[in-house]
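Since the structure comes first, as structure tokens, the remarks are kept for the end.
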Amino acid sequence: MRRPIVAGNWKMHGSRSENARLVEDLLAHSAAAPAATCVLCPPFVYLQEVARLLRDSALSLGGQDVCADVQGAFTGEVSAAMLKDVGCEYVIVGHSERRLLYRESDQMVARKFAAAHARGLIPILCVGEQLADRDAGRTQEIVARQLEVVLELSGAGALEHGVVAYEPVWAIGTGRNAAPEQAQDVHAFIRARIAARDARIAAATRIVYGGSVKAGNAAELFAMPDVDGGLIGGASLKADEFLTILAAAGPGK
Ligand code: PEP
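Each residue of the sequence shown is one higher than the last, beginning at 554 in the numbering used here.
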């Protein structure tokens, strides 16, 4: 049985006071032991403080990105060891904003995945096509390419506890979510690609959907057989929305 996972990507939002209020609201109203794993991914500078706020709670902490290198002269970067050191269990790698705005290649994303995995972080690997790719019928080709580079470098075994997030770029922050059947098609495709290497790991890998998930559409998306939760951007900044989404994710498939 796959325990669903809902991760909140705060992106470059928040302040110390806003974060404290949001976490306080989440802790006050979330179930003591939510059915789904819940991960909060604040900006780097707030990780340590959010870790303190989450201490002794059922909620987990994640980074939004990680350096592919271990340590050294990489100004501005944050290593996997540093994320672990401040209490992260998870880290997002290959978010489309990193791929598109900061020109992260598939190879760079694969190195980041490997660096995170080597340090015992659970990578949340984002894959997804742009609108032009979908319109051209290239969704599977794009997603397969993004996935295979990671599987080639790290092996399917690295997905043992890992998470793949299918995030169609055209659905991120646009208010236009993929239809549940569209998400299911791609999730089943991703699971089949992993199964081609290792069927046991494919069956256990959590594949989450991201792209304009809201309180109002989460349940129908998460009801799909291969959708194991969500990566949530905008709606993760509102406690009531995020809690409704979290509740929609349980209990697992
Ligand atoms: C994201 O940031 O990964 C995301 C899916 O954003 P949103 O939920 O706002 O579309």
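The C-beta atom is built at its ideal place from N, Cα and C for all residues, glycine as well.
Taking its Cβ as the centre, do 16 or more other Cβ atoms sit within 10 Å of Tyr762, making it buried, or is it exposed? buried
Which residues mark the beginning and the end of the beta strand (DSSP E) in which Pro676 is found? Start and end: 675 to 680.
Where the beta strand (DSSP E) containing Ala560 begins and where it ends: 558 to 562
For Lys637, collect the residues of the same chain with a Cβ closer than 7 Å to its Cβ; drop the 5 residues on either side in sequence, then sort them by chain order. Arg672, Gly673, Leu674
Best match in Gly708, Asp659, Ala788, Glu713 for proximity to Thr727 [C-alpha to C-alpha]: Ala788
Between Leu784 and Ala560, how many whole angstroms is the CB-CB distance? I'm expecting something under 8 Å. 5 Å
Does DSSP classify Arg672 as helix, strand or coil? coil
At which residue ranges does the stretch 722 to 793 contain complete alpha helix (DSSP H) runs of 4 or more residues, listed in the order of the chain? Correct list: 733 to 748, 752 to 757, 771 to 775.
Residue ranges of each alpha helix (DSSP H) within the stretch 583 to 619, 4 or longer: 600 to 607
Kindly examine the ligand PEP and report whether one of its heavy atoms sits closer than 7 Å to the Cβ of Gly782. no
Residue range of the beta strand (DSSP E) that includes Val716: Residues 716 to 719.
Going by C-alpha to C-alpha distance, which of Ser610, Gly769, Ala689, Cys679 sits closest to His740? Cys679
Given 7 Å as the limit, tell me if His740 has its C-beta closer than that to any heavy atom belonging to the ligand PEP. no
If you drop the 5 nearest sequence neighbours on each side, which residues of the same chain put their C-beta closer than 6 Å to that of Arg608? none
Asp793: buried (16+ other C-beta within 10 angstroms of its C-beta) or exposed? exposed
Cβ of Val780 within 8 Å of Cβ of Phe742? no
Cβ-based burial, His670 [other Cβ within 10 Å; buried from 16]: buried
Indicate, with yes or no, if the ligand PEP has a heavy atom lying under 7 Å from the CB of Asn562. yes
Let's see if you can read the secondary structure: which residues bound the beta strand (DSSP E) around Val644? 643 to 646 is the extent of the beta strand (DSSP E) around Val644.
Taking 7 Å as the cut-off, is the CB of His648 close to at least one heavy atom of the ligand PEP? yes
Looking at Glu720 and Gly681, is the spacing between their C-beta atoms short of 8 Å? yes
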